[in-house]
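Enquirer: Once you've had a glance at the structure underneath, I'll fire off some questions.
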Amino acid sequence: MVQIDLNCDLGESFGRYVIGNDEKVLPLISSANIACGFHAGDSSEMHRTVGRAKKNAVAIGAHPGLRDLEGFGRREMNVTPAEVYDMVVYQVGALQAFARTQKVRVNHVKPHGALYHMASDHEDMAEAVVQAVKDVSADLLLFGMDGTYLTAAAEKAGLHVVYEAYADRTYQPDGSLTARSQPNALITDEDQAIRQVLQMIHDGTVTTASGKKVSVRAETICLHGDGEAALAFAEKINRELKNQGIEIAAWH
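See below:
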């Protein structure tokens, strides 16, 4: 049976601000990327989300980002590799502590937003993220896109890489994601997004914004949990994958 992991960014609420439909999304996915307080989330939300993931038997992942609450961690910042290393260690370590209190383990790490793209595009940032993850625990899986500095550095360091692809983002001819600043960056048609996912799983390709097919490695599919239609889409893609005989399960 073909296996695919469905991951989603969760635990983004903080203080009086409620973001996403975490409790309803969790039964539909297999891996949760939990915000660690820098770009979203807070200590109480981390605690709650770990508990919710445990209840739903969903793999727990750390989702470290830049310290940019106002920009939701999606703005690049002028930080050094040493600072990136410390940020990642700090955030992953914090989530590990909350996991330990509930007798579960952190399974993977996926950088968030601008940090994800900085580590994908810049070798020194990639090496900082990878070294931080490895120093915290060499058993942690690292999520990232194929053909990037991030996954190359992780492979070189001996980490278990889980290659990520996106259901609701368009791709460029070089295999990169279309920048969010572009009008066609997001796929809002659910049927189109599901067709893209099935093509990636079955054919190992994705059709780019220009109509060209390029290779893509898809072991985990990212579903965004903060959009208006996120829950309905998660329900639909979960149902369609099961109808196709595809097993939804986390990598360990």
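End of the sequence shown = 298 in our numbering, gap-free, step of one.
Cβ coordinates follow ideal geometry from the N, Cα and C atoms, glycine included.
From what residue to what residue does the beta strand (DSSP E) around Ser-261 run?
Expert: For the purposes of this step, residue 261 is identified with residue 215 of the sequence shown, where counting begins at 1. Residues 259-261.
Enquirer: DSSP on Ala-275, reduced to helix/strand/coil?
Expert: One-based indexing of the sequence shown puts residue 275 at position 229. Of the three classes helix, strand and coil, the one that applies to Ala-275 here is coil, per DSSP.
Enquirer: Any chance the segment 48-55 sits against the segment 282-297, with 3 or more Cβ pairs inside 8 Å?
Expert: Because the criterion of three Cβ pairs below 8 Å is met, the segment 48-55 and the segment 282-297 touch.
Enquirer: Quick check: Thr-95 and Ile-75, are their CB atoms within less than 7 Å of each other?
Expert: As a working note, residue 95 is residue 49 in the sequence shown. As a working note, residue 75 is residue 29 in the sequence shown. No, they are not a contact pair.
Enquirer: If you pair each beta-carbon of the segment 153-163 with each one of the segment 91-108, do three or more pairs fall below 8 Å?
Expert: Yes, they touch.
Enquirer: For Ala-213 and Tyr-131, I'd like the C-alpha separation in whole angstroms.
Expert: As a working mapping, residue 213 is identified with position 167 in the sequence shown. As a working mapping, residue 131 is identified with position 85 in the sequence shown. Looking at the two C-alpha atoms, the distance is approximately 29 Å.
Enquirer: Which ranges does the alpha helix (DSSP H) cover as unbroken runs of at least 4 residues, wholly within the segment 57-102, from first to last along the chain?
Expert: Qualifying alpha helix (DSSP H) stretches, in chain order: 68-71 and 89-101.
Enquirer: Tell me the rounded alpha-carbon separation between Val-138 and Gly-250.
Expert: Along the sequence shown, read from residue 1 onward, the residue named residue 138 stands at position 92. Along the sequence shown, read from residue 1 onward, the residue named residue 250 stands at position 204. The straight-line gap from Cα to Cα measures roughly 31 Å.
Enquirer: Enumerate in chain order the residues of its own chain whose CB-to-CB distance from His-93 is below 6 Å, with the five nearest sequence positions on each side excluded.
Expert: For this step, residue 93 is matched to residue 47 along the sequence shown. Result list for His-93: Phe-144, in chain order.
Enquirer: Keeping to the same chain, check which residues put their C-beta closer than 8 Å to that of Glu-69; ignore five residues upstream and five downstream.
Expert: Your numbering for residue 69 matches position 23 in the sequence shown. Around Glu-69: Arg-98.
Enquirer: Return the chain-ordered ranges of every alpha helix (DSSP H) run that is complete within the segment 130-185 and spans a minimum of 4 residues.
Expert: 159-167 and 169-182, all fully within the segment 130-185.
Enquirer: Just tell me which of Gly-83, Lys-288, Leu-244 and Leu-277 has its CA closest to the CA of Phe-118.
Expert: As a first step, residue 118 is located in the sequence shown; it is residue number 72 there, counting from the start. Measuring from the Cα of Phe-118, the nearest candidate turns out to be Gly-83.
Enquirer: Using the C-alpha atoms, what's the distance from Ala-128 back to Lys-180?
Expert: Position 134 of the sequence shown holds residue 180. Position 82 of the sequence shown holds residue 128. Distance between the alpha carbons of Lys-180 and Ala-128 is about 15 Å.
Enquirer: On a CA-only basis, which of Phe-189, Ala-239 and His-248 is nearest Gly-291? Give me that one, please.
Expert: Locating residue 291 in the sequence shown gives position 245, where the first residue counts as 1. Nearest of Phe-189, Ala-239 and His-248 to Gly-291, Cα basis: His-248.
Enquirer: Could you give the first and the last residue of the continuous alpha helix (DSSP H) run that contains Val-243?
Expert: Position 197 of the sequence shown, counted from the start, is the residue given in the question as residue 243. DSSP places Val-243 inside the alpha helix (DSSP H), whose first and last residues are 236-249.
Enquirer: Under DSSP, the beta strand (DSSP E) around Tyr-212 begins and ends at which residues?
Expert: The residue you call residue 212 lines up with position 166 of the sequence shown. Run containing Tyr-212: 206-212, per the beta strand (DSSP E) assignment.
Enquirer: Do you know whose CA, among Gly-57, Val-71 and Ile-65, lies nearest Asn-284's CA?
Expert: By one-based count along the sequence shown, residue 284 stands at place 238. With distances taken between Cα atoms, Asn-284 lies closest to Val-71.
Enquirer: So for Asn-53, helix, strand or coil by DSSP?
Expert: Position 7 of the sequence shown holds residue 53. Of the three classes helix, strand and coil, the one that applies to Asn-53 here is strand, per DSSP.
Enquirer: For Asp-185, does the count of other Cβ atoms within 10 angstroms reach 16, so buried, or fall short, so exposed?
Expert: Locating residue 185 in the sequence shown gives position 139, where the first residue counts as 1. Flag for Asp-185 reads exposed.
Enquirer: Report yes if the C-beta distance between Ala-280 and Ala-211 is below 7 Å; otherwise report no.
Expert: Counted from its first residue, the sequence shown places residue 280 at position 234. Counted from its first residue, the sequence shown places residue 211 at position 165. No. Outside cutoff.
Enquirer: List the residues that DSSP assigns as beta-bridge partners of Asp-266.
Expert: Locating residue 266 in the sequence shown gives position 220, where the first residue counts as 1. Note that residue 266 is Thr in the sequence shown, not Asp. The partner list for Thr-266 (beta bridge, DSSP) reads Asp-51 and Glu-210.
Enquirer: From the DSSP output, read off the bridge partner residues of Arg-215.
Expert: In the sequence shown, the residue the question calls residue 215 occupies position 169. Listed as beta-bridge partners of Arg-215 by DSSP are Leu-232.
Enquirer: Between Ala-165 and Met-171, how many whole angstroms is the CB-CB distance? I'm expecting something under 8 Å.
Expert: Here residue 165 refers to the residue found at position 119 when the sequence shown is read from its first residue. Here residue 171 refers to the residue found at position 125 when the sequence shown is read from its first residue. Indeed, because the Cβ distance is near 5 Å, the residues count as touching under 8 Å.
Enquirer: Tell me whether Leu-287 sits in a helix, a strand or coil according to DSSP, three-state version.
Expert: Position 241 of the sequence shown, counted from the start, is the residue given in the question as residue 287. Correct three-state label for Leu-287: helix.
Enquirer: If you count every other CB in all the chains shown that lies within 10 Å of the CB of Gly-87, and 16 or more means buried, which is it?
Expert: Against the sequence shown, residue 87 aligns to sequence position 41. Gly-87 comes out buried.
Enquirer: Given this structure, state the Cα-to-Cα distance separating Asn-67 from His-206, to the nearest angstrom.
Expert: As a position in the sequence shown, residue 67 is number 21, starting the count at 1. As a position in the sequence shown, residue 206 is number 160, starting the count at 1. So the two alpha carbons sit approximately 30 Å from each other.
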